[in-house]
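Have a look at the structure below before the remarks.
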Amino acid sequence: MPIGVFDSGLGGLTALKALQEELPKEDYIYFGDTARVPYGSRDKETLSRFAADNIALLRAYDVKAILVACGTISSVLLEGLKEEYPIALVGVIESAVAAAAAATQNGKVGIWGTAASIGSGAYARRLSVLGYADSIAVPCPKLVPLIESGRISAEDPMVRQALEEYLEPILKGGADTLILGCTHYPLLADAIRTIAGEELALIDSGKESVKTLREVLKDVDLLNEQEQGSTRYIVSGSPEEFARQGGAFLGLELFGKVEQQDAENFGK
Ligand code: DGL
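Its first residue numbered 513, the sequence shown is counted upward by one per residue in the working numbering.
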């Protein structure tokens, strides 16, 4: 049985890439809801509907677990979704916060996320539970639209302006660690390092969640033992666009390999 992974678009590929490297024997179904990206500016009700559609689509492929590779859905809905669905659902918050706690030297952790994620307070609450009550949370609404349109270089004036704006409170506040609490943001890691320098530790929320997923599957004895796994890529928007940008990020040729499905009307 495959592992399902979903996000609003390209962001979840940061988790998928880590999964393909660390659990290469698994099969994956990746769903990017690119027709409805961005998620970060939506209300809870809309996000609930999107999450239900995406989970239904992935479950139709008989997945054994789902990685919610989206900081927004993980922040706003994960606990409720876990109660609602009889399938292992792993989000990105807990593992990212644990990694930040391990990385910080001065106890000051910055959090970047979508407006919905930061508004939910999920990352800050979890940090508080671990004793890091002094976090600096910054909503970054400009970043996902830039990333989805392929703009990820520090040379790009709009990218630079947005990163400088969002880094200012983090650096002024003295944080030594920054949680990239939206799975899209690691696509900007090089640009962030160019502007912020190497001192600021960057926590990749998608990548960190892979450890949790591995533990969950190991506990129920569902890790795959085949030689080499495969991945199916499905999007609700343009397959070509996703193949171009997603392929560049993964270092893979995805043209002709991305399928299109309408999550909204799937199975209805
Ligand atoms: N990549 C998602 C997240 O981690 C969604 C971002 C968006 O679509 O706004 O929050």
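Ideal Cβ positions, reconstructed from N, Cα and C, are used throughout, including at glycine.
Taken from the Cβ of cysteine 652, every heavy atom of ligand 1 lies 7 angstroms or farther away. With a cut-off of 7 angstroms, the C-beta of valine 732 is classified as distant from ligand 1, since no heavy atom of the ligand falls inside that distance. Taking the Cα positions, leucine 725 is about 6 angstroms away from valine 602.
Put simply, of Gly631, Arg561, Tyr573 and Asn618 the residue whose alpha carbon is nearest the alpha carbon of serine 587 is Gly631.
Shortest Cα-Cα distance from valine 650 to any of Val641, Ala614, Ile691 and Ala666 involves Ile691. For aspartate 716, the enclosing beta strand (DSSP E) has its first and last residue at 713 to 716.
With respect to the C-alpha of leucine 675, the residue from Ala687, Val732 and Tyr697 having the closest C-alpha is Tyr697. In the three-state DSSP reduction, glutamate 771 falls in the strand class (E or B).
When DSSP states are grouped into helix, strand and coil, proline 651 belongs to the strand group. Taking the Cα positions, valine 580 is about 8 angstroms away from leucine 590. A distance below 7 angstroms between beta-carbons, with the five flanking residues on each side excluded, links tyrosine 678 to the following residues of its chain, in chain order: Trp624, Val650 and Cys652. When C-beta atoms of the region 513 to 526 are compared with those of the region 547 to 567, three or more pairs fall below 8 angstroms, so the two segments count as touching. Separation of leucine 655 and aspartate 545 (C-alpha to C-alpha, rounded to the nearest whole angstrom) is 17 angstroms.
The three-state reading of DSSP puts aspartate 555 in coil, since its state is none of H, G, I, E or B. With a 10 Å radius around the Cβ and a threshold of 16 neighbouring Cβ atoms, alanine 703 comes out buried.
Within the same chain, Val604, Ser607, Ala608, Ala610 and Ala611 come within 8 angstroms of glutamate 720 by CB-CB distance, once the 5 residues on both sides are set aside. Taking proline 657 as the centre and dropping the five residues before and after it, the same chain places the C-beta of Pro550 closer than 7 angstroms to its C-beta, in chain order.
Judged by pairs of C-beta atoms under 8 angstroms, the region 749 to 760 does not touch the region 632 to 651, as fewer than three such pairs exist. Within the region 572 to 626, the complete alpha helix (DSSP H) segments at least 4 residues long are 583 to 596 and 605 to 615, listed from N- to C-terminus.
In the structure shown, the three-state DSSP call for aspartate 731 is helix.
Taking arginine 672 as the centre and dropping the five residues before and after it, the same chain places the C-beta of Ala666 closer than 6 angstroms to its C-beta, in chain order. Per DSSP, the continuous alpha helix (DSSP H) segment holding leucine 679 begins and ends at 669 to 684.
Taking non-hydrogen atoms of ligand 1 into account, the C-beta of threonine 626 is found less than 7 angstroms away from one of them.
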